[in-house]
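Remarks on the structure that follows.
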Amino acid sequence: MAEELPIRNVAIIAHVDHGKTTLVDALLRQSGTFLVNEAVPERVMDSLDLERERGITIAAKNCCLKWEGHVINIVDTPGHADFGGEVERILSMVDGALLLVDAAEGPLPQTRFVVKKALEAKLPLVLIINKIDRRDARTKEVEDEIFNLLLDCGADAEYLASPVLYTNSRAGAATRNIDVEPVDMKPVFEAIRDSIPSPEVDVEKPLSMIVANLGYSDYVGRLAVGRMKSGRVSVNENVLIAGSEQNHKGRVMRIYGYEGLKMIELPEAQAGQIVALAGLESFTIGDTVTNIETPVVQPRIHVEEPTVSMIFSANTSPFAGREGKYVTGSKLKERLFKEGCSNVSLWVEQGPSPDQFVVSGRGELQLAIVIETMRREGYEMEVGKPKVIEKTIDGQVCEPYENLVVDIPEEYIGVTREFMAMRKGTIMNMSGFGTGMIRLEFLIPSRGLIGIRSTFLTITRGLGIMHSVFEGYRPLAGPIPSRVNGALVASVSGAATAYAIAGLSQRGKLFVFPGTEVYNGMIVGEHAREDDLDVNITKQKKLTNMRSSTCDDTVVLTPPLIHSLETAIEWINENEAIEITPKSIRLRRLYPVLSKKKQERCGHE
Ligand SMILES: Nc1nc2c(ncn2[C@@H]2O[C@H](COP(=O)(O)OP(=O)(O)OP(=O)(O)O)[C@@H](O)[C@H]2O)c(=O)[nH]1
Ligand SMILES: [Mg+2]
32 MAEELPIRNV AIIAHVDHGK TTLVDALLRQ SGTFLVNEAV PERVMDSLDL
82 ERERGITIAA KNCCLKWEGH VINIVDTPGH ADFGGEVERI LSMVDGALLL
132 VDAAEGPLPQ TRFVVKKALE AKLPLVLIIN KIDRRDARTK EVEDEIFNLL
182 LDCGADAEYL ASPVLYTNSR AGAATRNIDV EPVDMKPVFE AIRDSIPSPE
232 VDVEKPLSMI VANLGYSDYV GRLAVGRMKS GRVSVNENVL IAGSEQNHKG
282 RVMRIYGYEG LKMIELPEAQ AGQIVALAGL ESFTIGDTVT NIETPVVQPR
332 IHVEEPTVSM IFSANTSPFA GREGKYVTGS KLKERLFKEG CSNVSLWVEQ
382 GPSPDQFVVS GRGELQLAIV IETMRREGYE MEVGKPKVIE KTIDGQVCEP
432 YENLVVDIPE EYIGVTREFM AMRKGTIMNM SGFGTGMIRL EFLIPSRGLI
482 GIRSTFLTIT RGLGIMHSVF EGYRPLAGPI PSRVNGALVA SVSGAATAYA
532 IAGLSQRGKL FVFPGTEVYN GMIVGEHARE DDLDVNITKQ KKLTNMRSST
582 CDDTVVLTPP LIHSLETAIE WINENEAIEI TPKSIRLRRL YPVLSKKKQE
632 RCGHE
């Protein structure tokens, strides 16, 4: 018999930065989850190092709070389009979602993506217009835009009757009526209680839980996290794990539930609860943990396919092995395949040679996060330029396209349109907010978006904002220009000298400080012209006995442009690679490296 439980399982979904994690902070605080004097960091759910450093959520995480006799499980999801896979699988764990939209920015590409996913999963929504305190808030207009978006995505009448709340999450205040001053988060709690159904579960049926997320504990290893759909489970119970290809048995060694942000051990659990099970040996996201005698296997979670890939190789640079703990191709392979198992939207395949692997994901940021995580663990590797994944559909070669939204000051409409047109973008829509800012929408091949962020910022004087999300596959768009400038490539190994750098400053933008160790083939700058230029950046000033009274010995150098991982990924071209070690990011030209003879010539010019 189905039972009505005082439980609510809800996900928070939105475009990047619209305030999801901040809203969770406010709910946690006001539910009394923390002690009165407990010091709690801002955006407490963003607990990973990389999340705190970048100020974005990367992985979905859950917490559990108690409010007026109700247990509310909240899953905070990432808003960046590259981590859309996290949202897709998390929706299988909840019975409703809070859809957040920034009161000034309005719905953006990822809002559309999450709305589509919520509608597909038939999840009831609570609409939250957040950041109503912003000076440029357009609350009423944004509300209309949200309903238009819902209609556009095929929402039925029930969705159009979803409750709307107005919040200032940073202040922890919400209101149902925009004309009434918000006081606290009570309206949000009430909307969760009243508009999100309790989980429809059956405790009497056999155990069935789809693994929607993975966790890890130092004591017990990997954890299978999910919402129990039916049945009960207790410690030491033997269960069946239904995988995509085969089933196997396992034993539940520990059961954890959530309390606030902590996990607590439970002797048993039942349908409706979100739990983490320890002890099951091999499982992955999408598997069902179920009863051995009467298995109830749920359909696997559908996650959209990757659209971009990058070749990861063992580091082949002359400096390989100097700075990392794990350097070999086999170590790299092991680690990448492990990542592929836990990260469903990331695909890892063997590459063209034994030490090369093709890693595919949703975008450059998703791949950059994998690289950054591995480099912090001590890995060295080399990666190439990201490429979009083509597909043949009805005999025609197609490539991924994105829905791109840019917000720019009015005066940059011309340059922006021209720039996007060059990259095969078609303008789909244009709207103004009456504030001097204009929103342009393009349909553009994903290929056209690779590596354009810094140029876009330059042409809009740093004031433009761009967001895109995968739209679908369409026929190939034809050639798109890549980086115009060539590279300055070191022809001689050694330490870069201030003297050589000063001499080269007219040739382009340098990427290295004096004293940086370079090798033959390493890219040390961007050439001002289109072709590559081999340079000797280690050249010493010739010492003479004569001192010239007119010669100035101290050289003033322009600071170099030091690439971050993301800017390096944007910058490189096809025949170039990025060498990544725990300590350094170096760019290098792959082919052809100068012959010994030419090296010598360059060295002695
Ligand atoms: N003015 C104002 N700022 C807010 C409000 N809510 C959140 N912010 C700010 O918006 C920024 C982004 O907030 P987050 O909570 O990290 O946004 P998010 O949706 O979790 O972002 P991702 O997880 O990366 O998608 C932070 O600087 C917050 O302080 C609000 O109600 N008003
Ligand atoms: Mg967040």
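For the record, in the sequence shown the residue sitting at position 381 is 412 according to this note's numbering, with numbers rising by one throughout.
Yeah, the Cβ is synthetic: ideal placement off N, Cα and C, and Gly gets one too.
Predicted model only: the values in this text are computed from it and were never measured.
Compare the Cα-Cα distances from Ile-458 to each of Tyr-289, Phe-464, Ile-444, Leu-474 and report the closest residue. Cα-wise, what sits closest to Ile-458 is Leu-474.
Considering only heavy atoms of ligand 4 and the C-beta of each residue, which residues fall inside 5 Å, strictly closer? Among the ligands in the structure shown, ligand 4 does not appear; only ligand 1 and ligand 2 can be found there.
Any idea what DSSP makes of Tyr-530, helix, strand or coil? Three-state DSSP puts Tyr-530 in a helix.
Expressed to the nearest angstrom, what Euclidean distance is found between the alpha-carbon atoms of Gly-355 and Lys-369? Whole-angstrom Cα-Cα distance: 19 Å.
For Val-47, is the beta carbon positioned less than 6 Å from some heavy atom of ligand 1? It does: the Cβ of Val-47 is within 6 Å (strictly closer) of some heavy atom of ligand 1.
Less than 7 Å between the beta carbons of Glu-605 and Lys-362, yes or no? The answer is no: Cβ separation not under 7 Å.
Between Ser-376 and ligand 1, is there a pair consisting of the residue's CB and a ligand heavy atom that are separated by less than 6 Å? Not so, every heavy atom of ligand 1 lies at least 6 Å from the Cβ.
Residue nearest to Asn-322 in terms of C-alpha spacing, selected from Thr-88, Val-339, Ser-265, Phe-487: Closest in alpha carbon position to Asn-322, among Thr-88, Val-339, Ser-265, Phe-487, is Ser-265.
Anticipated Cβ contact below 8 Å, Val-106 with Ala-42, distance rounded: Contact holds; Cβ gap of about 4 Å.
Going by CA-CA distance only, name the one from Val-555, Ile-121, Gly-262 that's closest to His-594. Answer by Cα proximity: Val-555.
Which whole-angstrom value describes the C-beta separation of Ile-420 and Thr-338, a residue pair presumed to lie in contact below a C-beta threshold of 8 Å? The Cβ separation is near 6 Å, so the contact holds.
With hydrogens ignored, establish whether the beta-carbon of Arg-120 is closer than 6 Å to any heavy atom of ligand 1. Arg-120: no, Cβ never under 6 Å from ligand 1.
Using the Cα positions of Leu-196 and Glu-441, report the straight-line distance between them to the nearest angstrom. Here the alpha carbons of Glu-441 and Leu-196 stand approximately 31 Å from one another.
Please go through the same chain and pick out, in chain order, the residues whose beta-carbon is closer than 7 Å to the beta-carbon of Ala-531, but skip the five residues on each side of it. For Ala-531, where only same-chain residues beyond five positions count, the Cβ hits under 7 Å are Asn-567, Ile-568, Thr-569, Lys-570.
Roughly how far, in whole angstroms, is the beta-carbon of Arg-258 from the beta-carbon of Asn-460, given that I think they are within contact range, below 8 Å? Going by Cβ atoms, the distance from Arg-258 to Asn-460 rounds to 38 Å, so no, they are not a contact pair.
What are the boundary residues of the beta strand (DSSP E) that includes Ala-204? In this chain, the beta strand (DSSP E) harbouring Ala-204 covers 204-206.
What is the DSSP secondary structure of Met-412, counted as helix, strand or coil? The answer is strand: DSSP assigns Met-412 an E or B state.
Within the chosen definition, does the stretch 506-517 reach the stretch 445-459 through at least 3 CB pairs nearer than 8 Å? With a cut-off of 8 Å, the stretch 445-459 and the stretch 506-517 count as touching, because enough Cβ pairs lie within range.
Assigned exposure category for Asn-199 - 16 Cβ within 10 Å defines buried: Under a 10 Å Cβ-count criterion, Asn-199 is classified as buried, with 16 or more other Cβ atoms of the shown protein chains found around its own Cβ.
Do you know whose CA, among Val-375, Trp-378, Gly-382, Phe-542, lies nearest Gly-360's CA? When the alpha-carbon of Gly-360 is set against those of Val-375, Trp-378, Gly-382, Phe-542, the nearest one is in Gly-382.
Using DSSP with H/G/I as helix, E/B as strand and the rest coil, what is Pro-218? Taken through DSSP and simplified to helix, strand or coil, Pro-218 comes out as helix.
Less than 8 Å between C-beta atoms, sequence neighbours within five positions excluded: which residues of the same chain meet that for Ala-152? Within the same chain, Ala-152 has close Cβ partners Leu-122, Ser-123.
Just to confirm, is the Cβ distance from Asp-80 to Thr-52 under 7 Å? No. Outside cutoff.
Can you give the beta carbon distance from Pro-237 to Thr-108, rounded, assuming they're within the 8 Å contact cut? Contact annotation, Pro-237 with Thr-108: C-beta distance approximately 30 Å; criterion of less than 8 Å not satisfied.
For Leu-519, which option in Thr-447, Val-125, Leu-541, Lys-97 has the closest C-alpha, if you only look at C-alpha atoms? For the options Thr-447, Val-125, Leu-541, Lys-97, the alpha carbon positioned closest to that of Leu-519 is the one of Leu-541.
For Gly-371, which of helix, strand or coil comes out of DSSP? In this structure, Gly-371 counts as helix in the three-state DSSP scheme.
Residue burial classification, His-49 (beta-carbon count within 10 angstroms, cutoff 16): The residue in question, His-49, is buried, as its Cβ has 16 or more Cβ neighbours within 10 Å.
Is DSSP giving Val-55 helix, strand or coil here? Correct three-state label for Val-55: helix.
Taking Ile-414 and Ile-286 to be in contact with their CB atoms under 8 Å, please state how far apart those CB atoms are, rounded to whole angstroms. Here the sequence assigns Val to residue 414, which means Ile is not the residue at that position. About 40 Å separates the two Cβ atoms, so there is no contact after all.
Using C-beta distances below 7 Å, list every residue in its chain close to Arg-224, excluding the 5 sequence neighbours before and after it, in chain order. Excluding five sequence positions before and after Arg-224, the CB atoms of its chain that fall closer than 7 Å to its own CB belong to Arg-39, His-101, given in chain order.
Looking at the strands, I want to know which residues DSSP matches up with Val-389. Looking at the DSSP output, Val-389 sits in a beta bridge with Ile-342, Glu-380.
Tell me whether Leu-494 sits in a helix, a strand or coil according to DSSP, three-state version. Annotated three-state conformation of Leu-494 is coil, per DSSP.
Looking at C-alpha atoms only, which residue of Glu-430, Leu-588, Glu-557 is the closest neighbour of Glu-607? Each of Glu-430, Leu-588, Glu-557 was checked against the Cα of Glu-607, and the nearest Cα belongs to Glu-557.
Please classify Ser-62 as buried or exposed, where buried requires at least 16 neighbouring CB atoms within 10 angstroms. Here Ser-62 is buried. Its C-beta has 16 or more other C-beta atoms within 10 Å.
C-alpha distance - Arg-538 paired with Leu-621, whole-angstrom precision: Computed Cα separation, rounded: 21 Å.
Note down the Cα distance separating Ser-580 from Pro-385, rounded to an integer number of angstroms. A caution first: Ser-580 carries a pLDDT of 45, below 50, which makes its placement in the model too unreliable to give a value.
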